[in-house]
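Reviewing the structure listed below.
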Amino acid sequence: MSQQNQPEMLSGGAMLVRALHDEGVEYVYGYPGGAVLHIYDALFQQNDVKHVLVRHEQAATHMADAYARASGKAGVVLVTSGPGATNAVTGIATAYMDSIPMVIICGQVMSHLIGDDAFQETDMMGISRPIVKHNMSVRNPADIPMMVKKAFYLAQSGRPGPVVLDIPKDMTIPSQKFPYEYPKDIKLRSYNPNAKGHPGQIKKALQTLLAAKKPVLYSGGGVILGRASEELTELAKRLNLPVTNTLMGLGAYPASDPQFIGMLGMHGSYEANQVMHNADVIFAVGARFDDRVTNATKKFCPDATIIHIDIDPASISKTISAHIPIVGLVKPVLQEMLSQLDKLAGKAEGQLDQTALASWWSQINQWREVHGGRYQQRAELLMPQAVIEAVHRHTRGDAYVTSDVGQHQMFAAQYYKFDKPNRWINSGGLGTMGFGLPAAMGVKLHYPDAEVVCVTGEGSIQMNIQELSTCKQYGLGVKIINLNNGYLGMVKQWQDMNYDSRYSSSYMDSLPDFVKLAEAYGHVGIRVTTPEELEPALERAFALKDRLVFLDIHIDPKEHVYPMQVPGGAMNEMFLSKTERT
Amino acid sequence: MRHIIAVLLENESGALARVVGLFAQRGYNIDSLTVAATEDPTLSRLTLVTRGDDQVIEQITKQLHKLIEVVKLVDLSESAHIERELMMVKVKASGEQREEVKRCADIFRAQIIDVSPTTYTIQVVGTSEKLQAFIEALCNTQILEVVRTGVSGISRGEKALSL
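Protein chains in written order, with the numbering used here: chain W, 459 to 1040; chain Y, 59 to 221.
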């Protein structure tokens, strides 16, 4: 800023970069091209905002997304028009499905060419509309600071989500300058995201929980996004609630705590699904009763009174009707519950039904014995579950773990016991293969001292394997745990269970030599084929602090993920192994 | 159930596409949709006629609310309201048909707004049901063209959808 209220004169491109800096952005992930060259030149001429050059735009979106998942702040992507923008689409949809704050800046052809089918023109406003929280197109360069502010505000407030900013090339011409001032805050008459929750509803919810005989706390990604893990844990402790987390919610409640009963849903623990099905009160916090959680909605938890806290009213009673809906940010709502609970201390109405809870817990402990996360140990073969347990040991349970999509993702969710929020980073809603490696990169870049592990499979890793090159360029020492079974394992599992093991296109018979591939990119590759090799390999990998190590771990190709809910059944109808079902 | 939803929308390019896109994406029905700017040029008012059970209508209103450019909305069908639709019908009108068509238009309090030696163009205003009834009443007449605006709606009494 120059002196005495005289705003500095900047071009559209320079204003964009300055606005990002004023918003506190440290890294932008992207790929240059014609429509964004003015912006790239503006980036080049300053040092505050750093650019990370990926090898494919999809990876840029996943890096930004994972940064947001780990830090809570919006990640920023910069891509050119046309193919640059369309390559970003999968990553935008990934962020949208998991409510991840992200700002995607897309170049666009010059304003006067829009609609002419110009070179590298695509209607990114139209393409992205169903997969963004909001999108905006710049019509006047002078609006850029306000639009950047608005983009971050929308992305990060309320139910977060990705926001696309479409910028025609002529909005960033270096010679056309405008007074720059970054707005301090922004108000929109049509958008008011800061709901605190209705105190009357909160009171009703608390009374219902206090009177419950068989309660359960079911929490989701909203608690992670809403930074409400502490409040959630305290409330669960004080009300003596069993806690289950969704795939997106893992880490919100410490997995090593005795009140934690595991993940719920399709591959949830036996006890979590039983507790849900038999509960008299379900306390849903920042979760959305996704179809991978509920199984058949008609058979869902027949005896339960449902309390549902969510910032998005559209998530309440969408698939499962809530008896006590509370629209609000989870953190203030849980705080209000805690403070109402304080006021009840010592009073009769503030007492739990201890007898009922004791018998509920004894029932839960019996359920714990039934399956208990057991898996078969086959001689000579490495079991994927054992690999995850070993990784947990070697990282003291304190790593950031990213994953791709498939069996390995479920094994990681089940067997890496997350004690902290924001540590488990995976594409839950969209189920995007190719997410894991760029996600690990996004986390490692921001937390260079943290251990960052990407749990993947030989199918998923090949969807963004080109990013090994980006890792080399930026020295990103992530550890890749490639659970290699030679099959698209989850597809194969479904084919085993539903298609008489007809492996239609789920087998790859020309896999690369991943060790040589890692080495070709300048990294360390280690192959593990027997159980005895696992420990020394992990030891070596985690000792190489600053290097990317690609562990190609050959596992039992026949293993399935269990428990698995029976399709079309109730919560508690599950296959427990290849031969047992409830 | 048929519902009439009135929406105040930021008068910005792309805002309408978001509303229409929402209905297409989530598989909701649109029977009719009308939109135009209001007395405040920054706001458009949109009237949507849709169908669905209570749960679907609840989702529709919640999802509409979620769109950043939707400022306010009301389900007019929840309370007393007035709905009107305008229709223009061009019919073959020659010989003795001319008199009969005119009589029919009078009964419906419709107006003949354009005349040629062989045709009438008739304007009818009313509820969608009335418009439908008028078309049925013309069953002996050759209809050349029908154009309807779709429903506009407003609450009765002091209730108003405004900022």
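Idealized CB from N, CA, C, for every residue including glycine.
(1) Pull up the DSSP beta-bridge partners for Y:Val70, would you.
(2) Just to confirm, are W:Asp506 and W:Met706 a CB contact at a threshold of 8 angstroms?
(3) Mapping the DSSP letters down to three states, classify Y:Leu125 as helix, strand or coil.
(4) In chain order, which beta strand (DSSP E) runs of at least 3 residues are fully inside the stretch 538–583 of chain W?
(5) Give a yes or no on whether the minimum CB-CB distance between W:Tyr649 and chain Y is below 8 angstroms.
(6) For the stretch 868–901 of chain W, which residues have a CB atom closer than 8 angstroms to at least one CB atom of chain Y, in sequence order?
(7) Return the first residue and the last residue of the beta strand (DSSP E) that W:Tyr638 is part of.
(8) Closer than 8 angstroms by C-beta to W:Val986: which residues in its own chain qualify, once you throw out the five before and the five after it? Chain order, please.
(9) Have a look at W:Leu708 and W:Asp715 and give me their C-alpha separation to the nearest angstrom.
(10) Please confirm whether W:Gln471 and W:Pro632 have their CB atoms less than 8 angstroms apart.
(11) Short of 7 angstroms in beta carbon distance, which residues of its chain neighbour W:Pro989, apart from the five on each side in sequence? Order them along the chain.
(12) In three-state terms, what does DSSP make of W:Lys662?
(13) What three-state label does DSSP hand W:Phe758 in the structure shown?
(14) Between the stretch 126–138 of chain Y and chain W, which residues of the former have a C-beta closer than 9 angstroms to a C-beta of the latter?
(15) Could you please give the first and the last residue of the uninterrupted beta strand (DSSP E) stretch that includes Y:Glu203?
(16) On the criterion of 16 or more Cβ atoms from any shown chain inside 10 Å, does W:Lys1036 qualify as buried, or is it exposed?
(17) Quick check: the stretch 608–627 of chain W against the stretch 1013–1021 of chain W, are at least 3 beta-carbon pairs closer than 8 angstroms?
(18) What does DSSP give as the partner residue(s) for W:Ile984 in the beta ladder?
(19) Can a CB atom of chain W be found closer than 8 angstroms to the CB of Y:His61?
(20) Count the other CB atoms within 10 Å of the CB of W:Asp549; is the residue buried (16 or more) or exposed (fewer)?
(21) Buried or exposed: where does W:Gly726 fall if 16 or more other Cβ atoms within 10 Å of its Cβ makes it buried?
(22) Can you give the Cα-Cα distance for W:Tyr833 and W:Met948, rounded to whole angstroms?
(23) Mapping the DSSP letters down to three states, classify W:Thr914 as helix, strand or coil.
(24) Who are the Cβ neighbours of W:Cys759 in its own chain at under 7 angstroms, not counting the five residues just before and after it?
(25) By the criterion of Cβ-Cβ separation under 8 angstroms, what are the contact partners of W:Ser407 in chain Y?
(26) If you measure beta-carbon to beta-carbon, which residues of the stretch 939–956 of chain W are closer than 8 angstroms to chain Y?
(27) Using a C-beta cutoff of 8 angstroms, does Y:Gly79 count as contacting chain W?
(28) For W:His766, name the three-state secondary structure that DSSP assigns.
(29) CA-CA distance, W:Leu969 and W:Leu975?
(30) Return the residues of the stretch 88–99 of chain Y that lie within a Cβ-Cβ distance of less than 8 angstroms from chain W, sorted by chain order.
In short, the structure shows the following:
(1) According to the sequence as given, residue 70 of chain Y is Glu; it is not Val. Paired residues: none, contrary to the question.
(2) no
(3) coil
(4) 560–566
(5) yes
(6) none
(7) 635–638
(8) Leu840, Leu992, Ala995, Leu1009, Asp1010, Ile1011, His1012
(9) 13 angstroms
(10) In the sequence under discussion, the amino acid at residue 471 of chain W is Gly, which differs from the Gln named in the question. Yes, they are a contact pair.
(11) Leu840
(12) helix
(13) coil
(14) Ile126, Glu127, Val128, Val129, Lys130
(15) 201–206
(16) exposed
(17) no
(18) W:Leu1009
(19) no
(20) First, the amino acid is wrong: residue 549 of chain W is Gly here, not Asp. When all chains shown are included, W:Gly549 counts as buried.
(21) buried
(22) 17 angstroms
(23) strand
(24) Met734, His735, Ala737, Ile740, Met1029
(25) Residue coverage of chain W in this structure runs from 459 to 1040, which leaves residue 407 of chain W outside it and unanswerable.
(26) none
(27) yes
(28) strand
(29) 11 angstroms
(30) none
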